[in-house]
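Report on the structure given below.
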Amino acid sequence: MSAGAVVTVLELVGLYVFATSGALMAIHKGFDVVGIVILALLTALGGGILRDVIIGDTPPPAFAHLTYLGIPLAAAAVTFFIHPLAQRLSFTVLVFDAAGLGLFCVTGTLKAFEHDLGPIQAVLLGITTAVGGGVLRDITARETPALVKADTHLYAIPAAAGAVAVAAAHEAGLPMPPVAVAAAVFVFAFRLAAMLRK
Amino acid sequence: MSAGAVVTVLELVGLYVFATSGALMAIHKGFDVVGIVILALLTALGGGILRDVIIGDTPPPAFAHLTYLGIPLAAAAVTFFIHPLAQRLSFTVLVFDAAGLGLFCVTGTLKAFEHDLGPIQAVLLGITTAVGGGVLRDITARETPALVKADTHLYAIPAAAGAVAVAAAHEAGLPMPPVAVAAAVFVFAFRLAAMLRK
Amino acid sequence: MSAGAVVTVLELVGLYVFATSGALMAIHKGFDVVGIVILALLTALGGGILRDVIIGDTPPPAFAHLTYLGIPLAAAAVTFFIHPLAQRLSFTVLVFDAAGLGLFCVTGTLKAFEHDLGPIQAVLLGITTAVGGGVLRDITARETPALVKADTHLYAIPAAAGAVAVAAAHEAGLPMPPVAVAAAVFVFAFRLAAMLRK
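Protein chains in written order, with the working numbering: chain H, 1 to 198; chain X, 1 to 198; chain D, 1 to 198.
Dropping the structure here:
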């Protein structure tokens, strides 16, 4: 698989898991089916649209490709039928959120490099992409964002670490596919361990 | 009237009704006169600025034409003196919101076509324009956005239907003025019926 | 000192004081150290990024210069160690917020002129820059924004007055350094007086 294909796959999986976290949050808050779809879309697409608007890459791809719409919709539909199996909704929201965090801090950083930004900008945009959708989800659902909540100091740190690792590998000219996958998995595992340790 | 003039009129009426919904919400929440003006401006201009930033049409017209400032200010002033006549403030907020929803899903969709975007992008931007101001109003006033609230599943659906109808008519080359007006009226009436049926 | 140097100094002081207000708010809400850093960054950089995205100056300088990152981080660190000295945290948040309001309504207005916008656009962008970071801080911390809260009608008015004064001086060709400093000090003093009078 080429580097571009790997990034695309990570991005699409990220869309799916973030949309799932948004749909679960909507169910947890008692929203109806349209509220579930909206929150799934906002969570999945919010971080990337924020990144694209900041880079100046407008209109954002999320408004151009049907995939960006179809994947969150599929995730919302699956969540709607499967969620009764989830025992603890608010915990499950954070598990999917952790996966999205790992995937989007990688793809956000790489997208910044594609637009010829420097490594520091790339790291900042990677973090923005990773946390943006979740912050918009939490604000819309009137939850204190997981990003700043008292007992989740291990939220922004792993996202930043993932973005820095990807930027460093990019600058060092390392082959991106394995680095990108490893960084995404690392952030997810780190965040999951932090959540389970409590 | 030309198509452009019709769209302009719909846009200006939309500014007025959304500003009124924002001003009423501010009064309902006990904000003072400046808070009323700010929430009126944010509700009226928020969706359009969001749309313009996403399209890349910067700086947005809202920052260039005095009309965009004057109409919401007039709406805030009128609301300030007239509102004691309204019996149920939170319901009246939603009536004006419904009118703005209908008007802006039409004008937002058409503005996207003016910038040579495709029909799907146009529909998404129409919905974003229509719901954006109301979401910003609700978040700033610390209300759960009407867009996702449990008992308002008939909020996003009519806005989407209006945007799709306008986009389809545009693609089919139908004359826009009657279609635009009909779509705006349909969305408003549909939403109103849904609110009254409860 | 040249006009440009004065503006730069005002901007950097504004970053510092807004970051401090964000860090204090985070401490007041019981956020942990990462939450403090995030809220400091969001408050300091939010208004300027909003302004830059609206102007179309992307990517915003905040994503390009390390100073924009370093100053808020320094402010967060200082606040973290000094804050036990502050008697009334929520009042102190507003004092620093008032200083940022004064500084950013000036620099935001001037930045709009640099991008060849007209005086009305410049005033609107000055106000947006001044209030943007605080609104984002309050929404993220789940506080009703100081901008619209019932008893703070003297929030937006001084910011607007400062922006108008700077724009008028710019149009009249007055020397900017003294005007800029005077406007920033005036807004801060006015807001402080309003807060103390209560």
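Every residue, glycine too, gets a C-beta built ideally from N, C-alpha and C.
Nearest neighbour of D/VAL265, chosen from D/GLY100, D/ILE55, D/ILE27 [CA to CA]: Nothing can be reported for residue 265 of chain D, as the shown portion of chain D is limited to 1 through 198.
Use the C-beta contact count for D/ILE127: other C-beta atoms within 10 angstroms, 16 or more gives buried, fewer gives exposed. buried
In the structure shown, what three-state DSSP assignment does H/ASP32 receive? coil
Against chain X, with Cβ distances strictly below 9 Å, would H/ARG88 count as a contact? Not an interface residue.
Using a beta-carbon distance cut-off of less than 9 Å, what residues from the region 47 to 63 of chain D approach chain H? ILE49, ASP52, VAL53, GLY56, ASP57, THR58, PRO59, PRO60, ALA62, PHE63
Beta-carbon gap between X/LEU110 and X/ALA98 smaller than 9 Å: no
C-alpha gap between X/ILE120 and X/THR107, whole angstroms: Between the C-alpha atoms of X/ILE120 and X/THR107 there is a straight-line separation of about 15 Å.
Which runs of the beta strand (DSSP E) fall wholly inside the region 102 to 150 of chain H and span at least 3 residues, in chain order? none
When the Cα atoms are used, what is the spatial distance from H/GLY133 to X/LEU39? Answer to the nearest angstrom: the Cα atoms are 24 Å apart.
On the criterion of 16 or more Cβ atoms from any shown chain inside 10 Å, does D/ASP52 qualify as buried, or is it exposed? buried
What did DSSP end up calling X/PHE57 once you bin it into helix, strand or coil? It is worth fixing the name first, because residue 57 of chain X is Asp in this sequence and not Phe. The three-state reading of DSSP puts X/ASP57 in coil, since its state is none of H, G, I, E or B.
So if I threshold CB-CB distances at 9 Å, which residues from the region 18 to 32 of chain X count as touching chain D? ALA26, LYS29, GLY30, PHE31, ASP32
Does D/GLY139 pass the burial test, meaning 16 or more other C-beta atoms within 10 Å, or should it be called exposed? Just to set this straight, residue 139 of chain D is Ile in the shown sequence, not Gly. Looking at its Cβ environment, which holds 16 or more other Cβ atoms inside 10 Å, D/ILE139 is buried.
Consider the Cβ of X/PRO145: report whether some Cβ of chain A lies at a distance smaller than 9 Å. As a matter of chain content, chain A is missing from the structure shown, whose protein chains are H, X and D.
Within chain D, partners of H/LEU125 - CB distance below 9 Å: PRO59, PHE63
When the Cα of X/HIS65 is compared with those of D/LEU69, D/LEU117, D/GLY47, D/GLU143, which residue comes out closest? D/LEU117
Same chain only: Cβ atoms within 8 Å of X/VAL6, ignoring 5 sequence neighbours per side: MET176, PRO177, ALA180, VAL181
Going by DSSP, what residue range makes up the alpha helix (DSSP H) through H/PRO158? 156 to 172
Pairs of beta-carbons, one from the region 85 to 92 of chain D and one from the region 20 to 37 of chain D, closer than 8 Å: are there three or more? Taking a cut-off of 8 Å for Cβ pairs, the region 85 to 92 of chain D and the region 20 to 37 of chain D touch, as three or more such pairs fall below it.
Could you tell me the alpha carbon to alpha carbon distance between X/ILE82 and X/LEU45, rounded to whole angstroms? Each residue's Cα considered, the two are about 22 Å apart.
Write down the C-beta distance between D/VAL135 and D/LEU147 rounded to the nearest angstrom, noting that I regard them as a contact closer than 8 Å. 6 Å
For D/PHE104, does the count of other Cβ atoms within 10 angstroms reach 16, so buried, or fall short, so exposed? buried
Excluding sequence positions up to five away, which residues of its chain have a Cβ less than 7 Å from the Cβ of X/THR92? Here the set comprises LEU24, ALA86.
Closer than 7 Å by beta-carbon distance: list the chain X residues that pair up with D/ALA156, in chain order. VAL34, ILE38
Between the Cα of D/PHE188 and the Cα atoms of D/THR79, D/SER90, D/GLU11, D/TYR155, which residue gives the shortest distance? D/TYR155
Please decide whether D/LEU117 counts as near chain X, where near means a Cβ-Cβ distance under 9 Å. yes
In chain order, what residues of the same chain have a beta carbon less than 8 Å from the beta carbon of X/LEU192, not counting five sequence neighbours either side? VAL95, ALA98
Helix, strand or coil: which one does DSSP assign to D/ALA75? D/ALA75 falls in the helix class under three-state DSSP.
My understanding is that D/ALA55 touches X/THR58, with C-beta atoms under 8 Å, so please give their C-beta distance in whole angstroms. In the sequence as presented, Ala is not what sits at residue 55 of chain D; that position holds Ile. D/ILE55 to X/THR58, Cβ: 6 Å. Contact.
If you pair each beta-carbon of the region 27 to 38 of chain X with each one of the region 28 to 37 of chain D, do three or more pairs fall below 8 Å? In short, these stretches do not touch, since the Cβ pair count stays below three.
D/LEU12 to X/ALA194, Cα distance in whole Å? 52 Å
On a CA-only basis, which of H/ILE157, H/PRO145, H/LEU69, H/GLU114 is nearest H/GLY4? Give me that one, please. Here the closest residue by C-alpha is H/GLU114.
Nonlocal neighbours in the same chain, by C-beta distance under 6 Å from X/ALA169, ignoring five residues either side: VAL179
Reduced DSSP secondary structure (H/G/I, E/B, other) of D/PRO84: helix
Tell me, please, whether the CB atom of H/LEU147 is closer than 9 Å to any CB atom in chain X? no
If I measure Cβ to Cβ from X/GLY47 and keep anything under 6 Å in the same chain, skipping five residues before and after, which residues do I get? PHE104, THR129, GLY132, GLY133
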